[in-house]
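Peer 1:
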Amino acid sequence: MSSVKTLTLTKTALRADPPAPPGAESRIAQKFGGHYAGDWMRRLPASWTPYIQLARLHRPHGLVVVSLSHLFGLLHAAFLLRAPAAETLRVAAVRRARVERPPILYYPFAKRQMFAPQLVLGACMGLAVLVGAAAMGLERPWQEASTRCLAGATTLWVVAFDTIYAHMDLQDDVKLGVNSLAVFVRGYARPVLAMLVVGMAALLHRAGVVAGMGAAYNGIAVAGCSLCAGAIVALLDLGDRASCGKWCIFGFRFTGISMVTGLLVTYLASL
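Sequential numbering from 728 applies to the sequence shown in the numbering used here.
1. Over what stretch of residues does the alpha helix (DSSP H) that includes Val847 continue unbroken?
2. Whose C-alpha, out of Pro772, Leu790, Leu795 and Val791, is nearest the C-alpha of Leu991?
3. In whole angstroms, what is the alpha-carbon distance linking Val793 and Phe799?
4. Any chance the segment 804 to 821 sits against the segment 840 to 852, with 3 or more Cβ pairs inside 8 Å?
5. What does the Cβ neighbour count give for Pro748, buried or exposed, with the cut at 16 atoms within 10 Å?
6. Rounding to the nearest angstrom, what Cα-Cα distance links Leu816 and Phe806 in this structure?
7. Taking the alpha carbon of Gly941 as the reference point, which residue from Ala872, Ala996 and Phe888 has its own alpha carbon closest?
8. Using a Cβ-Cβ cutoff of less than 7 Å, which residues in the same chain neighbour Leu998 once the five nearest sequence positions on both sides are dropped?
9. Among Thr982, Ala956 and Pro868, which has the Cα closest to the Cα of Arg917?
10. With three or more C-beta pairs closer than 8 Å as the rule, is the segment 923 to 933 touching the segment 875 to 883?
11. Can we count Val919 as close to the ligand NAP, meaning its CB is less than 8 Å from some heavy atom?
12. Which stretch, first to last residue, makes up the alpha helix (DSSP H) that contains His894?
13. Can you tell me the Cα-Cα spacing of Ala860 and Ser953, whole angstroms?
14. Could you spell out where the alpha helix (DSSP H) holding Leu908 opens and where it closes?
15. Taking the runs of the alpha helix (DSSP H) that are 4 residues or longer, which of them lie wholly in the segment 962 to 992?
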């Protein structure tokens, strides 16, 4: 409780600073930054605002990532089981209409309690892969090697891009004492991001090798994700809020669609 009070008071103090001149921040930085407060948020108790901002509840971005993670596991399991297309569509429609959310409610509190809350978020998305595979009918997916590799790759995918996202609020987080991997690796974030991307690519490739996936998977999912994420890490300006916001949103979407497309094409080719 005291942590929330401290965070609320500190944020109030920060709002007392002179406002930035119009146009100082890009539209993306304003919309996706951690200090965004829409009109609907002002109708709620002021003590709720820090939690909403830390959890990014004002944006559906997290729901999209959860849905993509489920699809990774679902399509991968459909390939392994050689499931009929009609059954895969049925399960996918049910999962899309009623997405089972991993236990990510702890994530905002982790920003006050551990050095790398992105690991919590990444682990939840890795779990979503296993849940998607189980929904497709794969028994004990955590014991299947290629599914474990895909879940691990998804975890690193989320950790890498959420760390980029966290750089949008790096200065505020340092002032407020909010933890993130971006704060923890300040000064050498780019090499850490590069290692996360290499790990993601290696696990994606390993998942394809173990499952016996072909060129479509390697060309679309593995190569597409690796080249996109690698280019973003190389070109990203970690000191610019607009750059971090733009490349994080684009990278999440492009790499996520690449993985879904690679898995889907590979599955359809196996029918």
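Idealized CB from N, CA, C, for every residue including glycine.
On a predicted model such as this, the values are computed, not experimentally measured, just so you know.
Peer 2: With the given structure in hand:
1. Gln845 to Ala862
2. Nearest C-alpha to Leu991: Leu795.
3. 10 Å
4. no
5. Note that Pro748 scores a pLDDT of 46, beneath 50, so its modelled location is shaky and nothing firm can be said.
6. 13 Å
7. Taking only the C-alpha atoms, the option nearest Gly941 is Ala996.
8. Ala812
9. Ala956
10. yes
11. Looking at this structure, you won't find the ligand NAP or any other ligand, since it has none at all.
12. From DSSP, His894 is part of no alpha helix (DSSP H); its letter is neither H nor E.
13. 23 Å
14. Leu908 to Phe911
15. Whole alpha helix (DSSP H) segments, 4+ residues: zero.
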